[in-house]
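Just so we're aligned: 197 in the numbering used here is position 126 of the sequence shown, and the numbers increase by one with no gaps anywhere. We treat Cβ as the ideally placed atom computed from N, Cα and C, and that holds for glycine. These numbers were taken from a predicted model, which means no experiment stands behind them.
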Amino acid sequence: MPATLPTYDHLVPPTTGESITMTGGKLHVPTHPIIPFIEGDGTGPDIWRASQHVFDGAVRKAYGGKRDIAWLEVLAGEKSRDRLDSWLPDDTLKAISHYLVGIKGPLTTPVGGGFRSLNVALRQKLDLYACVRPVRWFQGVPSPVKQPELVDMIIF
Numbered sequence: 072m073p074a075t076l077p078t079y080d081h082l083v084p085p086t087t088g089e090s091i092t093m094t095g096g097k098l099h100v101p102t103h104p105i106i107p108f109i110e111g112d113g114t115g116p117d118i119w120r121a122s123q124h125v126f127d128g129a130v131r132k133a134y135g136g137k138r139d140i141a142w143l144e145v146l147a148g149e150k151s152r153d154r155l156d157s158w159l160p161d162d163t164l165k166a167i168s169h170y171l172v173g174i175k176g177p178l179t180t181p182v183g184g185g186f187r188s189l190n191v192a193l194r195q196k197l198d199l200y201a202c203v204r205p206v207r208w209f210q211g212v213p214s215p216v217k218q219p220e221l222v223d224m225i226i227f
C-alpha cells in the first residue's frame, strides 16, 4: 500500500478516518476505517441508503460505539457518466486500490465497445477474479426448493 494518499481529480477523502492496511498478508482495520462505496445505478441509491444504515448500526452495536466507518463515495456507472463523462474514472480505481476495501451497488452495463460490463472491468482492473456467492436459506423465507434448510453452498 502506498505510504501517502493518492491525489485525485474529483474526490475529496474524508477528513476523519484512516486507511485499512495490509502487512504480511493480514488486513489491519483501524478504529475508524475509510471505506469507498459505489452507490450504483437503478435501485442502487435506495439499496445503498438502507445498507449504510444497517452497516453503521451493526458496527456500532458490535463494538459498543467505539468504532465507526468514514464512508467515501466513489463514482462509477450512470452517475459517473453524467457527472464526469466516464463510466469508470481513474479516481475510483485509485481510491479502492488505496483503501483496500470497497462496497459496490448494482451497475448498468454500458452499450457499446470498450468492455463487457462495469463489473468485469472493475474485477480486471483491480485484479479481483473471485466472484464469491454464498447461498443459504433463511427460515421463514418462501422457497421453491423442497428442503431449503439443506441449501448451504458457496458459488465462485
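Quiz item: Quick one: what does DSSP say Lys175 is sitting in, helix, strand or coil?
Solution: The DSSP-derived three-state label of Lys175 is strand.
Exercise. Measure the C-alpha to C-alpha separation of Thr86 and Gly211 and round it to an integer number of angstroms.
Key: 43 Å
Quiz item: When DSSP builds the beta bridges, which residues end up paired with Lys97?
Solution: Thr94
Practice problem: May I ask you to report which of helix, strand or coil DSSP gives Thr130? | Solution: Note that residue 130 is Val in the sequence shown here, rather than Thr. Correct three-state label for Val130: helix.
Exercise. Please classify Asp153: does DSSP put it in a helix, a strand, or coil?
Key: helix
Self-check item: For Ala141: DSSP bridge partner residues
Solution: Ile105
Quiz item: Is it true that the CB of Gly148 sits closer than 8 Å to the CB of Leu178?
Solution: Taking a C-beta distance under 8 Å as the contact criterion, Leu178 and Gly148 qualify as a contact pair.
Quiz item: Where does Asp161 fall in DSSP's three states?
Solution: helix
Exercise. Take Arg207 as the anchor and find which of Gly128, Met224, Leu159 has the nearest alpha-carbon.
Key: Met224
Self-check item: Close Cβ partners of Phe227 (< 6 Å) along its chain, the five nearest in sequence each way excluded
Solution: Ala201, Val203
Self-check item: Reduced DSSP category for Asp117 - H, G, I as helix; E, B as strand; rest coil
Solution: helix
Practice problem: Select from Arg194, Val216, Leu171 the residue whose C-alpha is nearest the C-alpha of Pro104. | Solution: Leu171
Exercise. Quick one: using the 10 Å Cβ neighbour count with 16 as the cut-off for buried, is Pro160 buried or exposed?
Key: buried
Quiz item: Is the beta carbon of Val145 sitting closer than 8 Å to the one on Asp162?
Solution: For Val145 and Asp162, yes; Cβs fall inside 8 Å.
Quiz item: Helix, strand or coil: how does DSSP classify Pro215 here?
Solution: coil
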